Amino acid sequence: MNNLFFRYVPGNSIIHRLDPRVKIAAMLITSISIFISSSFREMAVVALVFFLLVLISSTSVRIILGAVRPMLMFLGIIFILQLFLTEGNPLFSLMGLDATYEGLALGALMSMRFLFLLMFASLLTATTAPSVMTTGIEKMLRPLPLKKLGISSFDLATMMFLSLHFVPLLYGSFSHLRDAQVSRGLDMARNPFKAVYALSVPMVRTAFTSAEEVAVAMESRCYQGVNRSSLNEPVMQKKDLAALLIFGIIMFFLV
Amino acid sequence: MSIDIRNLTFRYNPGTPLENTSLKDISLSIGKGEFILIGGEIGSGKSTLVRHFNGLLKPSSGQVTVDGMAAHAKKVKARVGVLFQFPQQQLFGRTVFEDVAFGPRNFGLRGNELEEQVYSALELLGFDKEICSNSPFHLSGGQMRLVAIAGVLASMPEYLVLDEPFSGLDAENRTTLLSALKHLTTKGTSVIVVSHRIPDLLSAADRIFLLDHGNLVFGGTPVDYVKHAPYLPEITCLMKEMRRKGFDVRDDIFHIDDAFSEISRVLNTKGAVGK
Amino acid sequence: MTLMIEIQDLLYSYPDGTIALDSVDLHIGKGEFVVIAGRNGSGKSSLVRHMNALLLPSGGCVSVNRLCTLQKKNHPDIRKAIGMVFQGPDSQFIGMTVEEDVAFGPENLGLPPLRIRELVEISLEMMGISELRFHSPRSLSGGQKQKVAIAGVLAMEPGCIVFDEVTSMLDPFSRKDVLDAVKRIHAKGTTVIYVTHRLEETINADRLVIMDSGKVVADASPRDVFLQHDLEMYGIELPPVVALSRMLTRAGFPGIGIALTKDELLEALCP
């Protein structure tokens, strides 16, 4: 497992210290800008903003790459689909499919959009502690009338947090189980169907047991899904708002 | 016929900044029918060593051979049964039978022979035949552990490696498991138990190996162990202190019964002198 | 002594009808150190899960500080009063860092951030793990993990802490470390309920309660329990020194009795 995948890296830059709500809002603005940008010039601006932010937050390039690497195939597929399926001036031909100049441009643009979305998202997770993020999301959701649906914003935020929590736990038990079943003579290459069965049944069981254990542990530590406070309560300061405003204006005018 | 480890060194993530030497120049050999304990603290390399016995990990340098074959050879997996920590997690069969039969089936056993192996493995661990049709998931934690162990026994490995099989088991299940393991050694199976509770298991063992930060720091018999090793059974400590106080007792003892006869002998002669 | 936990005629059966606890009576006073022991499946875990309302009685009554667990409105107060540390090392963590995990309880109580910070500091300090605050709980050793779990409970300032087989997965050194922490917590006036199947850890408890097939079969000082009961019958192994002293006493050697520790036995053998 790539343990750099959307990982938080503690730090003390301005970006790290910004209110999580500001960062989430900025992320939303950025996503919109990325999707409405339709030229390479605008992409270049997005790239510039991104590299500036990376510099300010002194985030390691390895962390960003860690989020991108597992998705490269996906990006490649998007690019190839666009390349061949867009109509226009032919570029070259492969197995009866025509690649076009328009496809090349559109494919590059599309995959760059996803690439930058991923990279901005990894910048957000790299500079924001998961619990701070949860608190931020919870506070942003609080004004919504979720109560009527029978869930609290605390529950939602905790659910998100727990899903982050479970990924490494499940990966750990997966490699443990794989070693165990291979030792019992399971040949994963020759018998993939059996392998899926012999691994997935105990995986699901482990997931359920640990979900239950976490639930019991949470309950016995007084978790009720209402009126939680937080160790790192974000306090929206003038400078946080100012940062958001400036960022919004820059993105608006540039893109 | 033996497991031979010569100058085994293992590094995690070689060639990256995360490189980490986990085993350093380990040499040891384990013969037929031996009861071996491997001890050491968490992070000492015990679990890494175990994964070399059946080729789950390959040495960075040095050699591991099982009965003359390289440990990662496919045939070796049938000869070396490895049971990891919390084996109850690996159960998946609809019935106990199906689960226990999984290993031997993978190694090519079929029909009557398969059934016989499954039944005798379960019987050795104190289960009735009736349990075969039950779901393994309705058993208690301790029993699930024993069923998982049966799943490895049923493949009739020549070497049985168990990682912390006793942790969390109560006295009853411990006794069942320990006597089953001892029985296996009398049939010629080698049993290798990885544990951080060496003092409690001394009386069962033929030889003990201790790891510390990836180095093999001790290898010898239980009697050697109580002479040299860092953490001793309480009974041994008691005998040593009695000896220091001037009692003529043996201090290489670790079993309660031996301690009892030693102390009674000394008390009786002392009493006789007193009269 | 003020009563902390009052269990009367407790009956508990699983949804499938098997009886897990059968007419259990147990009274635990403030500041006591009570060990509960028994084989796997004897009901000891079910019993302690009644103490903070994780399980509710099928019959009889459990109350904590005079609050009955059957009334749901009492649950927050009961769970605040009775902290619980579990055996499983990984799945009881909720925070990404040690500090966040320890803060989880006080956060649930809705305390102000500064107060939470203060509680987190005190608890980390008390468990001697302040330097681990930014580590991920999962990256720690078994003993450290349990200390984080204990700190997380301490931060809620409970009057009583239940330790449910917290050392069963640990090596001897970590076990001693965690046990010493438990003793420190008890010395500060917290009531301690300690579930185990290894008796040598707990010979300095006030009381030893033995469970078997859902019933309390012994409840006295450890020495009296060892003297009056054959614990092997209940699937419990005696600590080696206790077993040896009892063998010697039964063989007719005078002046030994039941020795709880190696030093006691030495004292009796070579006065």
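Same order as they appear, the protein sequences are chains A, B and C. Just so we're aligned, residue 1 is where the first sequence starts under the numbering used here, counting upward by one. Just so we're aligned, residue 1 is where the second sequence starts under the numbering used here, counting upward by one. Just so we're aligned, residue 1 is where the third sequence starts under the numbering used here, counting upward by one. All C-beta atoms, glycine included, are put in the ideal place defined by N, C-alpha and C. Bear in mind the structure is a predicted one, so any value in this text is a computation, not a measurement.
C:LEU140 has a beta carbon lying at 8 Å or more from every beta carbon in chain A. A:PHE35 sits close to A:ARG113, with the two beta carbons spaced by under 8 Å. Going by DSSP, B:PHE84 is part of no alpha helix (DSSP H) at all; its letter is neither H nor E.
The three-state reading of DSSP puts C:HIS50 in helix, counting H, G and I together.
Of all residues in the segment 98-126 of chain B, only PHE102, GLY103, ASN106 and PHE107 place a beta-carbon less than 7 Å from a beta-carbon of chain A. The three-state reading of DSSP puts C:CYS270 in coil, since its state is none of H, G, I, E or B. In the DSSP annotation of this structure, the continuous segment of the beta strand (DSSP E) that includes C:CYS160 starts and ends at 160-164. When the alpha-carbon of A:LEU65 is set against those of A:LEU170, A:ARG7, A:ALA108 and A:PHE193, the nearest one is in A:ARG7. Ranked by how close their Cα comes to the Cα of A:SER183, the residues B:GLN85, B:SER120 and B:ALA259 have B:GLN85 in first place. Below the 9 Å Cβ cutoff, chain B contributes GLU41, HIS196 and TYR231 as neighbours of C:PHE173, in chain order. Within chain B, the residues placing a beta-carbon under 9 Å from that of C:LEU248 are PHE260, ILE263, SER264 and LEU267, ordered along the chain. DSSP places C:ASN40 in the coil class of the three-state scheme, outside both helix and strand.
The beta carbons of B:LEU83 and B:LEU162 sit about 5 Å from each other, so the pair counts as a contact at 8 Å. Looking from the CA of B:GLY33, the closest CA among B:LEU210, B:GLY168, B:PRO157 and B:VAL226 belongs to B:PRO157. Note that the C-beta distance between C:LEU10 and C:GLY60 is below 8 Å.
Under DSSP, the beta-bridge partners assigned to C:CYS68 are C:SER63. DSSP, read as helix, strand or coil, puts C:ARG117 in helix. Across the segment 58-92 of chain B, CB contacts with chain A closer than 9 Å involve LYS74, LYS77, ALA78, VAL80, GLY81, VAL82, LEU83, PHE84, GLN85, PHE86, PRO87, GLN89, GLN90, LEU91 and PHE92, in sequence order along the chain. Linking B:ASN54 to A:SER173 through their CA atoms gives a straight-line distance of about 20 Å.
Cβ-Cβ distances below 8 Å link C:LEU199 to VAL35, ALA37, LEU208, PRO222, LEU231, ILE236, GLU237, LEU238, PRO239 and VAL242 in the same chain, with the five nearest sequence neighbours on each side left out; the list follows chain order. In its chain, beyond the 5 residues on either side, GLU19, ASN20, THR21, SER22 and SER60 have a beta carbon closer than 8 Å to the beta carbon of B:ARG11. Residue contact with chain B for A:PRO70: absent (no Cβ-Cβ distance below 8 Å to any residue of chain B). DSSP, reduced to helix, strand and coil, places C:GLY29 within a strand of the structure shown. About 6 Å separates the beta carbon of C:PRO158 from that of C:ILE82, a gap short enough to meet the 8 Å contact definition. Under DSSP, A:LEU28 shares a beta bridge with no residue.
In terms of beta-carbon proximity, A:VAL196 stays away from the interface with chain C, with every pair separated by 8 Å or more. With respect to chain C, the C-beta atom of B:ILE38 has no partner C-beta closer than 8 Å. Contact note: C:SER168 reaches chain B through SER167 and GLY168, using a C-beta cutoff of 8 Å and chain order. Within the segment 73-161 of chain B, the complete beta strand (DSSP E) segments of 3 residues or longer fall at 80-83, listed in chain order.
For the segment 222-240 of chain A, the set of positions with a beta-carbon nearer than 8 Å to some beta-carbon of chain C reads CYS222, TYR223, GLN224, ASN227, ARG228, SER229, SER230, LEU231, ASN232 and GLU233 in chain order. For the segment 212-245 of chain C, the set of residues with a beta-carbon nearer than 7 Å to any beta-carbon of chain B comprises GLY235, ILE236, GLU237, PRO240, VAL241, ALA243 and LEU244, in chain order. Per the coordinates, the alpha-carbon of C:GLU121 lies some 12 Å from the alpha-carbon of C:VAL148.
Among the residues facing chain A, B:ASN54 is included, as its CB has a counterpart in that chain under 8 Å away. DSSP lists C:ILE28 and C:VAL64 as the beta-bridge partner residues of C:ILE5. Of the residues B:GLY40, B:TYR119 and B:TYR225, the one whose Cα lies closest to the Cα of B:GLY151 is B:TYR119. Here the segment 50-69 of chain A makes no contact with the segment 150-161 of chain A; the two share fewer than three CB pairs at distances below 8 Å.
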